[in-house]
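In order, the protein sequences belong to chains A and B. Each residue of the first sequence is one higher than the one before, starting from 515 at the first, in my numbering. Each residue of the second sequence is one higher than the one before, starting from 86 at the first, in my numbering.
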Amino acid sequence: MAGTLAEKVWESHVVRRADSEPDLLFIDLHLVHEVTSPQAFDGLRTAGRQVRRPELTLATEDHNVPTLDIDKPIADLVSRTQIDTLRRNCAEFGIRLHAMGDVEQGIVHVIGPQLGLTQPGMTIVCGDSHTSTHGAFGALAFGIGTSEVEHVLATQTLTGARPKTMSVNVEGQLPVGVSAKDMILALITQIGTGGGQGYVIEYRGAAIEALSMEGRMTVCNMSIEAGARAGMIAPDETTFAFLEGRPHAPVGDAWEEAVAYWRTLRSDDDASFDADVYLDASTLTPFVTWGTNPGQGAPLNATVPDPKDLTDPGERVSAEKALAYMDLVPGTPLREVSVDTVFVGSCTNGRIEDLRIAADLLRGRRVASSVRMLVVPGSMRVKVAAEEEGLDQVFLDAGAEWRSAGCSMCLGMNPDQLAPGERSASTSNRNFEGRQGKGGRTHLVSPAVAAATAVTGHLASPAELGART
Amino acid sequence: MNPVTVHRGIVAPLRRTNVDTDQIIPAIYLKRVTRTGFEDGLFSAWRANEADFVLNRPQYAQSSILVADNDFGTGSSREHAVWALMDYGFRVVIAPRFGDIFRNNALKSGLLVIEPPITEVEKLWAHAESQPEQPVEVDLEANEIRYGDTVTPFEIDAYARWRLLEGLDDIALTERHEELITKFEKSRPERFPSIS
Chain A
515 MAGTLAEKVW ESHVVRRADS EPDLLFIDLH LVHEVTSPQA FDGLRTAGRQ
565 VRRPELTLAT EDHNVPTLDI DKPIADLVSR TQIDTLRRNC AEFGIRLHAM
615 GDVEQGIVHV IGPQLGLTQP GMTIVCGDSH TSTHGAFGAL AFGIGTSEVE
665 HVLATQTLTG ARPKTMSVNV EGQLPVGVSA KDMILALITQ IGTGGGQGYV
715 IEYRGAAIEA LSMEGRMTVC NMSIEAGARA GMIAPDETTF AFLEGRPHAP
765 VGDAWEEAVA YWRTLRSDDD ASFDADVYLD ASTLTPFVTW GTNPGQGAPL
815 NATVPDPKDL TDPGERVSAE KALAYMDLVP GTPLREVSVD TVFVGSCTNG
865 RIEDLRIAAD LLRGRRVASS VRMLVVPGSM RVKVAAEEEG LDQVFLDAGA
915 EWRSAGCSMC LGMNPDQLAP GERSASTSNR NFEGRQGKGG RTHLVSPAVA
965 AATAVTGHLA SPAELGART
Chain B
86 MNPVTVHRGI VAPLRRTNVD TDQIIPAIYL KRVTRTGFED GLFSAWRANE
136 ADFVLNRPQY AQSSILVADN DFGTGSSREH AVWALMDYGF RVVIAPRFGD
186 IFRNNALKSG LLVIEPPITE VEKLWAHAES QPEQPVEVDL EANEIRYGDT
236 VTPFEIDAYA RWRLLEGLDD IALTERHEEL ITKFEKSRPE RFPSIS
């Protein structure tokens, strides 16, 4: 029978299938971090269980770590305890940990691909909803809660019903200055935050194939913001080129065999999806959010929408509340919205390509005096690479802050937070109320829009700087 | 996990869509390493900033059934959202649609989530707003929600229902298939990476 990519990967991992029961699925890679794991390790200890496959488990410190003074003890004692707990758990259960100060430390979804641990055809889970990022390599990757983290630690499997599949077809070519981030923000606004609920999305079409691995990761990363637990892209030459030579990528004959297998990982021509969505890349422009969920977005050229124009009563109330929280008036051009803070980073846009795009726009320019700009590399390797290219100096010369790796202001668990009432343009993934700090207001943007906004002080496209990209 | 069978309690009507897990419990409360004690974080911003927020109103102070609009529990995978709801006293959450990860987390922790159509949700809101003191009975054995003269049947995944009714530990259930896991591991291709 013809199958989709998601179905092929799922089927090849089924350990047990029985009538009226969920499948038992084998997990190839389990990524662990400090926030969603301590209670799972406690559960193992209470039940006298071990970690079944420590060599398929990798831990790092990312969510709550400071991005300044990382060589000093963490000032926040509760955060420090959480980090110390992860270190003790990893030592006790024999799990490799990339701790603060280690060059391999970074956001869990940045380091997996960087180490070559994320490969096509794998099942990958993590106690973090943005695990969907790894789907960019043709892996089936999704976020889980702490109970499931404990289940995977103990059994290296998960139970679940096979998800429905959705194809998102993006044909055409992205215009200059429009990026993967604009594409995914536009998609989420089109299908809504619940549009992908219950599905694994497969992104396909010419505009997807033209994306770099970084761009593909940005797209898959935000699948969860459309309600889909996983997003996938069939592996191709771009994928293989990214993986070749990475520390955990196969070598020699094993590499050839792996590539031959990876080439089989695509949806059959006659496979059908449970739902199909279409998007024309050539019509896209820089896209930003105006509300308090990622589905409340609009082209940067547009104005703040009027909730009165929404027909669904729930959506209308939601939009009214969002505009009140965001302190925005319907009809205001989005370009006239001033920001206090610009954040470049996160598992959505904290990779080297993202930093290059932002740096190219800032080279020879200054961050507006009214704006604080934070640039936080997604991993220490990204930081090192950026410094080798001199990007750190570009950011510093422009007046931005250059930090060490972590989730940082994406979720405001560490000291990098918005003050109440502050407004940000952020390359992260969620504009929820208070996400970046209590009372903070977030506009989700691409790295290019973030950089242009930092220079002008208001939401701006790179074209406004006279730049071509 | 304690078995879930029949629960009778006061309904808190939460007429909001897209109640993401950052609203249910902000990240700042996620630094703790315990599995209990998260009730202070539940909806902390709304409770602090909105005097008329449903949980600030005395008639809903003892509520244990939360009824919300579409897309409850979207966003972050934090199971702390489920723990905070349970620590605060909620045993059932009803909404037309839930975030997938939240639904999973809830059912694994013994928080019953039910997804009736919006029309039934609206009736529950109307009931809770007009007769807040009148409890609602959620019966997982009969698959029914009952209040006043109203009996609303609901559907729920049969396997999840069985686990809840029996209060079964997922890991122990999976361990019954240990030999199948071992067999799978032996036939697993060597091409997949290993960390050690």
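By construction, the Cβ of each residue, glycine as well, lies at the ideal position given by its N, Cα and C atoms.
Own chain residues within Cβ distance below 6 Å of B/A180, not counting five before or after:
Indexing the second sequence from 1 puts residue 180 of chain B at position 95. Excluding positions up to five away in sequence, the list reads A153, F157.
Let me know the secondary structure DSSP gives A/V908 once reduced to three states.
Within the first sequence, the letter at position 394 stands for residue 908 of chain A. In this structure, A/V908 counts as helix in the three-state DSSP scheme.
Do A/V885 and A/V856 have their C-beta atoms within less than 8 Å of each other?
Taking the first sequence and counting its residues from 1, the one referred to as residue 885 of chain A is at position 371. Taking the first sequence and counting its residues from 1, the one referred to as residue 856 of chain A is at position 342. Closer than 8 Å, so yes.
Give a yes or no on whether the C-beta atoms belonging to A/A650 and A/L793 are separated by under 8 Å.
The count along the first sequence starts at 1 and reaches residue 650 of chain A at position 136. The count along the first sequence starts at 1 and reaches residue 793 of chain A at position 279. No, these two residues do not count as a Cβ contact at 8 Å.
When the Cα atoms are used, what is the spatial distance from B/K116 to B/G160?
Translated into positions along the second sequence, residue 116 of chain B becomes position 31. Translated into positions along the second sequence, residue 160 of chain B becomes position 75. When rounded, the distance between both Cα atoms is 18 Å.
My understanding is that A/G657 touches A/H665, with C-beta atoms under 8 Å, so please give their C-beta distance in whole angstroms.
Counting from one through the first sequence, the residue named residue 657 of chain A turns up at place 143. Counting from one through the first sequence, the residue named residue 665 of chain A turns up at place 151. A/G657 to A/H665, Cβ: 14 Å. No contact.
Per DSSP, what kind of secondary structure is A/H762 in: helix, strand or coil?
Taking the first residue of the first sequence as 1, we reach residue 762 of chain A at position 248. DSSP places A/H762 in coil when its eight states are reduced to three.
Suppose you measure from the CA of A/T983 to the CA of A/V969; what does that come to, to the nearest Å?
Translated into positions along the first sequence, residue 983 of chain A becomes position 469. Translated into positions along the first sequence, residue 969 of chain A becomes position 455. Bear in mind that a pLDDT of 48 at A/T983, under 50, signals an unreliable position, so the number given afterwards is only what the model happens to contain. Computed Cα separation, rounded: 15 Å.
CB-CB under 7 Å to B/K193, same chain, minus the five flanking residues each way: which ones, in chain order?
What you label residue 193 of chain B is simply residue 108 of the second sequence in a count that begins at 1. For B/K193, where only same-chain residues beyond five positions count, the Cβ hits under 7 Å are D255.
Taking the alpha carbon of A/E575 as the reference point, which residue from A/L848, A/S960, A/G706, A/I625 has its own alpha carbon closest?
Within the first sequence, the letter at position 61 stands for residue 575 of chain A. Measuring from the Cα of A/E575, the nearest candidate turns out to be A/I625.
Hey, quick one: how far does the beta strand (DSSP E) through A/F555 stretch, first residue to last?
In the first sequence, residue 555 of chain A corresponds to position 41, counting from 1. Element bounds for A/F555: not the beta strand (DSSP E) but the alpha helix (DSSP H), 552-561.
Going by alpha carbons, who is nearest to A/L991 out of A/R949, A/G709, A/H544?
One cannot answer for residue 991 of chain A here, as it falls past the ends of chain A, which runs 515 to 983.
Can you tell me which of the three DSSP states A/W804 falls into?
Here the question's residue 804 of chain A lines up with position 290 in the first sequence. DSSP places A/W804 in coil when its eight states are reduced to three.
Output the distance between the C-alpha atoms of A/Q633 and A/C604, rounded to the nearest integer angstrom.
Your numbering for residue 633 of chain A matches position 119 in the first sequence. Your numbering for residue 604 of chain A matches position 90 in the first sequence. If you take the alpha carbons of A/Q633 and A/C604, they lie about 24 Å apart.
Where do the ends of the beta strand (DSSP E) carrying A/V529 lie?
By one-based count along the first sequence, residue 529 of chain A stands at place 15. Its beta strand (DSSP E) spans residues 528-530.
Using the Cα positions of A/A812 and A/V959, report the straight-line distance between them to the nearest angstrom.
Mapped onto the first sequence, residue 812 of chain A falls at position 298. Mapped onto the first sequence, residue 959 of chain A falls at position 445. A/A812 and A/V959: Cα-Cα distance of roughly 11 Å.
Just mark B/G233 as buried or exposed, buried being the case when its beta carbon has 16 or more other beta carbons within 10 Å.
As a working mapping, residue 233 of chain B is identified with position 148 in the second sequence. So B/G233 ends up on the exposed side.
Element boundaries [beta strand (DSSP E), containing B/P238]:
In the second sequence, the residue the question calls residue 238 of chain B occupies position 153. From DSSP, the beta strand (DSSP E) with B/P238 extends over 235-238.
List the residues of chain E whose Cβ lies closer than 7 Å to the Cβ of A/T671, in chain order.
Protein chains A and B are contained in the structure displayed, whereas chain E is not.
Check whether chain B comes within 8 Å of A/T660, counting only Cβ atoms and requiring the distance to be less than that.
In the first sequence, residue 660 of chain A corresponds to position 146, counting from 1. Closer than 8 Å to some Cβ of chain B, the Cβ of A/T660 qualifies, so yes.
Would you check if there are 3 or more beta carbon pairs closer than 8 Å linking the segment 604-624 of chain A to the segment 561-577 of chain A?
yes
Tell me which same chain residues have a C-beta within less than 6 Å of the C-beta of A/A720, skipping the five on either side of it?
For the purposes of this step, residue 720 of chain A is taken as the residue at position 206 of the first sequence. Result list for A/A720: E685, in chain order.
A/M923 versus A/T595 - alpha carbon distance
Position 409 of the first sequence, counted from the start, is the residue given in the question as residue 923 of chain A. Position 81 of the first sequence, counted from the start, is the residue given in the question as residue 595 of chain A. Those two C-alpha atoms are separated by around 20 Å.
Do you know offhand how far A/D577's Cα is from A/R780's?
One-based indexing of the first sequence puts residue 577 of chain A at position 63. One-based indexing of the first sequence puts residue 780 of chain A at position 266. The residue you asked about is not Asp; residue 577 of chain A is His in the sequence shown. So the alpha carbons of these two residues sit roughly 33 Å apart.
Taking the alpha-carbon of A/M746 as reference, which of A/M636, A/T581, A/N863, A/T846 has the nearest alpha-carbon?
Locating residue 746 of chain A in the first sequence gives position 232, counting from the first residue. The shortest Cα separation from A/M746 among A/M636, A/T581, A/N863, A/T846 belongs to A/M636.
Hey, does A/Y775 have any beta-carbon neighbour from chain B nearer than 8 Å?
The count along the first sequence starts at 1 and reaches residue 775 of chain A at position 261. Yes - at least one Cβ of chain B is within 8 Å of the one on A/Y775.
Helix, strand or coil at A/P819 according to DSSP, with G and I counted as helix:
Position 305 of the first sequence holds residue 819 of chain A. Reduced to three states, the DSSP call for A/P819 is coil.
Rounded to the nearest angstrom, what separates B/A136 and A/L932 at their Cα positions?
Start at 1 with the first residue of the second sequence, and residue 136 of chain B comes out as number 51. Start at 1 with the first residue of the first sequence, and residue 932 of chain A comes out as number 418. Using only the alpha carbons, I get a separation of about 24 Å.
If the cut is a Cβ gap below 8 Å, which residues of chain B does A/M927 touch?
Taking the first residue of the first sequence as position 1, residue 927 of chain A is located at position 413. Chain B residues near A/M927: A112, I113, L115, K116.
If the criterion is Cβ atoms closer than 8 Å, does the pair A/A833 and A/P847 meet it?
Taking the first sequence and counting its residues from 1, the one referred to as residue 833 of chain A is at position 319. Taking the first sequence and counting its residues from 1, the one referred to as residue 847 of chain A is at position 333. Taking 8 Å as the Cβ cut-off, A/A833 and A/P847 do not qualify as a contacting pair.
If you compare alpha carbons, which of A/V565, A/V714, A/D767, A/E936 is closest to A/M887?
Here residue 887 of chain A refers to the residue found at position 373 when the first sequence is read from its first residue. Nearest C-alpha to A/M887: A/E936.
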